[in-house]
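Working notes for the structure below.
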Amino acid sequence: MARRTPSQQFGFANGMLDEALLARTDVKAYYAGARDLTNMLGLAQGGVETRGGFRHVAEIATPPGETAIRLARFAFSFETTYLIVFSHRKIEVFAGDALAATVEPDPGTPGDEDRFYTADELTALNWTQSLDTMILVHPDHAPKRLMRQGGGASWVLEDLPLTETPSFDFGAGTKGKATPSAATGNIAISTTDSSDFDHVSFDPGDPAYWIRINDGLVKLTSRTDADTLRGDVIQKLDGTAQAETGHWSVEEDAWSDGRGWPRAAHLFQGRLYFAGTASRPQTIWGSRAGRFFSFETTADAFEDEAVEVTLDNDQVAAVDQLFAGNDFFAFTSGGVFANAETPVTPANFFLRRHSELPAAALRPVEIDGALAFIRRGEAGARPSCNELVFDDVRQIFVAQDLGLLAGGLIDDPVAIAARLGTSTDAANHLLVVNAGGDMAVLNTRRAQKIAGWTRIAAAGGGEIRDAATVGGELYCLIERQIGGTTRRLVERLDAACCLDSAVTATIGGNPPAVNWTGLDLFEGETVRLVGDGIDMGEATVAGGAVQTPFPVSTLEAGLVYDWAVETMPIEAELTDGTLVGNRHRLIRATVRAGRATRFAVNGREVKGGRLESEGFDQPPTSFAGLKTVRFLGWSGGREGGGATVRVTGRSTEPASILSITAEVAQ
C-alpha cells in the first residue's frame with residue numbers, strides 16, 4: 060500500500076525563490092516560497108494576487124534614434140502630485156492621467172534647445188524636489204530648475220539662479236609671495252612668481268577665478284601684467300600684509316563646463332546639497348542654511364555658512380546619489396557614507412563609511428523603515444538589491460541583501476521605485492526594473508517578517524523600461540510592438556483593469572451597444588475585449604473601432620497576460636529518508652483562494668459555479684475558499700524532478716491565492 064505524506068504550503072510570505080534553493084528543504088523559506096510567481100503581487104498578509112492591468116495613459120513620441128525616456132514624481136502637496144516625463148528635449152507633465160503641460164524649446168529663440176536634455180543625457184539626469192520647484196542636475200549641464208506656476212497651469216525650465224558658488228585650487232598651490240594693494244574695493248594683487256597666474260584666463264566662457272588671501276576673498280576681473288591681477292573684494296581682507304607661499308591660493312569655480320557639474324542633488328534641513336563633479340567626484344557641497352542658492356563660506360565658518368566635505372577613503376568613492384532621512388547618506392562607487400550630526404554645520408559636516416558595497420547610480424528609495432539601493436554590478440560582482448538597516452550594537456548602518464533568496468529576479472537593474480500601502484492594498488512594494496524588460500517586486504512587512512519577491516512581465520512581449528510612483532499609483536514606461544511599430548507608452552497599474560495597455564472604449568450610440576470607438580492606439584492590432592466584466596474574446600481594430608458579439612454597457616480593450624503560481628518541488632521528509640530521487644505520486648492538491656473565478660491546477664480547470672448556472676452573457680461566478688483537485692501519474696525518479704503544484708490563469712480571470720496543500724504517495 061502506498062504511503063501518503065502531506066506537504067503544506069503556508070502561503071507565500073517568502074515569495075519567488077531562486078533555483079539554487081531547490082535542494083534546501085531545510086530552509087524555513089522553502090515552504091513559504093514558490094518556484095514561480097509571475098504577474099502576481101504579494102499581499103500584506105502573506106498570500107499573492109494577480110497584479111491588475113496596466114491602463115494606457117499616453118504615448119510618448121520621440122525622434123528616430125532618440126528613444127530614452129525617464130519618469131519622475133513631482134509632489135507639490137499630499138493632494139497635488141504630478142508625473143514628469145523627460146524625453147529628447149521635451150518635458151511633459153501629467154496630472155492624474157491627463158497631460159497638463161508640455162515644456163519644450165521655443166523655435167523662435169536660437170539655441171533654446173540647448174536648455175533641454177537630449178535622449179543620450181537622460182540616463183545621467185538626477186533631481187531633487189520640494190514644493191513648486193524641481194532642481195535638475197547633470198554632469199554636463201549647469202543645474203536647472205523646473206518650476207510649477209499658476210497653480211499648475213504653466214511650467215518653466217530655467218537655469219538655477221546660483222549666487223555664490225564654491226571655488227577650488229585645481230593647481231599645485233602657489234610658489235611665490237602675494238601682496239594685495241588694499242583690503243576692500245577693486246584691488247591689485249602681485250606675486251613674486253608669475254607662474255602662479257599663468258593659468259588664469261579672462262576669455263568669454265571661461266570660469267571665474269578667485270584669490271583667497273589674508274582671510275578674504277577676491278574675484279579676479281583683469282590682468283595688469285604677468286605678475287599682477289586685479290579683482291573685486293568679495294570678503295574683506297584682514298590687511299595688506301604680504302602673504303607667504305602656501306598661505307594664499309588662486310582658485311577657479313569648482314563647477315564649470317571644463318571642470319564638470321554636479322551629478323547628484325538633495326534638499327535636507329534647509330540646505331541644498333550638490334555632489335560628484337568630473338574633477339571632484341568625491342566632494343559634497345551644501346548651501347547656506349535657508350539660502351539654497353548661496354554656497355558662500357568665510358574664514359569665520361559660522362554655523363549657517365555653506366559646508367563642504369571630500370570623502371577620503373582607500374579607494375575612489377565617486378558620489379552618484381544623495382539621500383536624507385533622519386541621517387544624510389552619500390551613495391558612492393566606494394560604498395555608502397552617512398552623517399548623523401544634526402543640524403549640519405561647517406564644524407560637524409563629515410561622513411563615515413557604513414558599507415563597503417559600491418552603489419549603482421540609481422536613485423535609492425525609502426520603504427518599510429529602511430533605505431533600499433542597488434549594488435553596482437562590476438568586476439564580476441552580481442548586481443543586488445540591498446537595504447540599509449541600523450545595527451544598534453555596532454552603531455552603524457548595515458547593508459543586507461534583499462534578494463538573497465531570489466537572486467535570479469534581479470538582473471541588471473535600470474530603475475527602482477517604491478509604492479507604500481494604499482487604501483485598497485496594505486502591502487509595501489519595492490519595484491526593480493530589469494534591463495531585460497521585466498520587473499521584480501518585493502512585498503515587505505518587516506514587523507510581520509514578510510519579504511517575498513514576485514515577477515511582473517508585460518503582456519504581448521512588452522518591455523518595462525522605467526517606473527515611478529505618484530500619489531500611491533505606479534506608472535511604468537513600457538515599449539510595445541503594436542501594428543509592427545515600436546511604441547513607448549506610459550501606463551498605470553490599475554487593480555480595476557484586467558488587461559494591459561487597457562483602453563476604455565467609447566460608445567458608438569446609447570448603452571448598451573455593439574459599436575465601440577476610441578481604439579486608435581491599436582489600429583490593425585488584435586486585442587482582447589472585456590465587456591461588462593465578461594471576456595468577449597479577441598477582435599481586430601479597424602478605423603479605431605470594434606464590434607462586440609452582443610451589446611454591453613462598458614468595454615475594456617487591451618492585451619491579455621498569463622499569471623502563474625507554482626510551489627517548490629514537494630520533497631517531504633519520510634521516516635526512512637526523503638522523496639528525493641524516488642518515484643512518487645501527487646495524489647491531490649488543495650488551493651485556498653481568497654477570491655477567484657476560474658484557474659487551472661496542473662492543467663486541470665477549476666471554476667466557481669456549475670456550467671448550467673452561468674449565463675454566457677454574464678460575468679463568471681467568483682468564489683472563495685478551498686478547491687481540491689485529484690491527480691494520477693508518477694513523478695521523480697533518477698531523471699525526473701519532484702512534483703510541484705502549478706496554478707495558472709489569464710488576466711481576465713483574476714485570483715488571489717492564499718495557500719496550497721499537496722498530498723503525495725510513494
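In terms of our numbering, the sequence shown is numbered consecutively and its last residue is 725.
Positions of the beta carbon are idealized from the N, C-alpha and C atoms, including for glycine.
The beta carbons of ALA72 and ALA91 sit closer together than 7 Å. Look at ASP95 here: in three-state DSSP terms it is strand. Taking all protein chains in view, the Cβ of THR599 is surrounded by fewer than 16 other Cβ atoms within 10 Å, so the residue is classified as exposed.
Given a length threshold of 3 residues, each whole run of the beta strand (DSSP E) inside the segment 350-375 is given here in chain order: 366-369. Its Cα nearest to that of TYR176, the residue HIS200 stands out among HIS200, ALA499, THR168. The beta carbon of LEU276 lies closer than 7 Å to those of TRP269, ILE293, GLN294 in the same chain, with the five residues before and after it left out. Counting the other CB atoms within 10 Å of its CB gives GLN540 a total below 16, which places it among the exposed residues.
The C-beta of GLU615 has 16 or more other C-beta atoms within 10 Å across all chains shown, which makes the residue buried.
Using a C-beta cut-off of 8 Å, the segment 329-340 makes contact with the segment 371-380, since at least three inter-stretch Cβ pairs fall below that distance. Inside the segment 578-631, DSSP marks whole beta strand (DSSP E) runs of 3 or more residues at positions 585-590, 593-599, 605-611, 614-618, 621-625, from first to last along the chain.
Distances from the alpha-carbon of ASP553 to those of ASN502, GLY111, ALA702, GLY662 put GLY111 closest.
DSSP places ARG709 in the strand class (E or B) of the three-state scheme. According to DSSP, residue pairing for PRO472 in a beta bridge involves ASN493. Taking C-beta atoms under 8 Å as the contact rule, LEU430 and LEU410 fail to qualify, at a distance of about 15 Å.
Sorting ASP373, ALA420, GLY264 by C-alpha distance to the C-alpha of PRO442 places ALA420 at the top. For ARG441, the three-state secondary structure derived from DSSP is coil.
Along the segment 151-237, the beta strand (DSSP E) occurs as fully enclosed runs of 3 or more residues at 157-162, 185-189, 192-197, 200-208, 213-218, listed in sequence order. About 17 Å separates the beta carbon of ARG330 from that of ALA313, a gap too long to meet the 8 Å contact definition.
Counting C-beta atoms within 10 angstroms of its own C-beta, GLU108 has 16 or more neighbours from the protein chains shown and is therefore classed as buried. Between the alpha carbons of LEU717 and GLY519 lies a gap of roughly 27 Å. Excluding five sequence positions before and after ASP427, the CB atoms of its chain that fall closer than 6 Å to its own CB belong to ASN487, THR503, ARG505, given in chain order. Between ALA397 and PHE408, the C-beta spacing is not below 7 Å. Separation of ALA659 and ARG524 (C-alpha to C-alpha, rounded to the nearest whole angstrom) is 31 Å. If you look at CYS535, you'll find it in the beta strand (DSSP E) that goes 532-541. Across the set GLY232, ASP255, ASN245, ASN493, the C-alpha of GLY232 shows the shortest separation from the C-alpha of GLY305.
Residue range 378-383 is occupied by the beta strand (DSSP E) that includes GLN380.
A straight-line Cα-Cα distance of about 49 Å links LEU578 and ALA82. Taken through DSSP and simplified to helix, strand or coil, LEU463 comes out as helix. In the DSSP assignment, VAL144 forms a beta bridge with LEU130, GLU151.
Runs of the beta strand (DSSP E) lying entirely within the segment 274-338 and spanning at least 3 residues, in chain order: 275-284, 287-294, 308-312, 323-327, 330-334. Within the same chain, and ignoring the five residues on either side of SER681 in sequence, the residues whose Cβ sits closer than 8 Å to its Cβ are ARG654, ALA655, THR656, GLY667. For a cut-off of 8 Å, the C-beta gap from ASP191 to VAL309 is around 40 Å, too long to register as a contact. Under the criterion of beta carbons closer than 8 Å, ILE629 and ALA721 qualify as touching, at roughly 5 Å. In the DSSP assignment, GLY684 falls within the beta strand (DSSP E) that extends over 682-689. Remark: three or more beta-carbon pairs, one from each stretch, lie closer than 8 Å, so the segment 130-139 and the segment 181-190 are flagged as touching.
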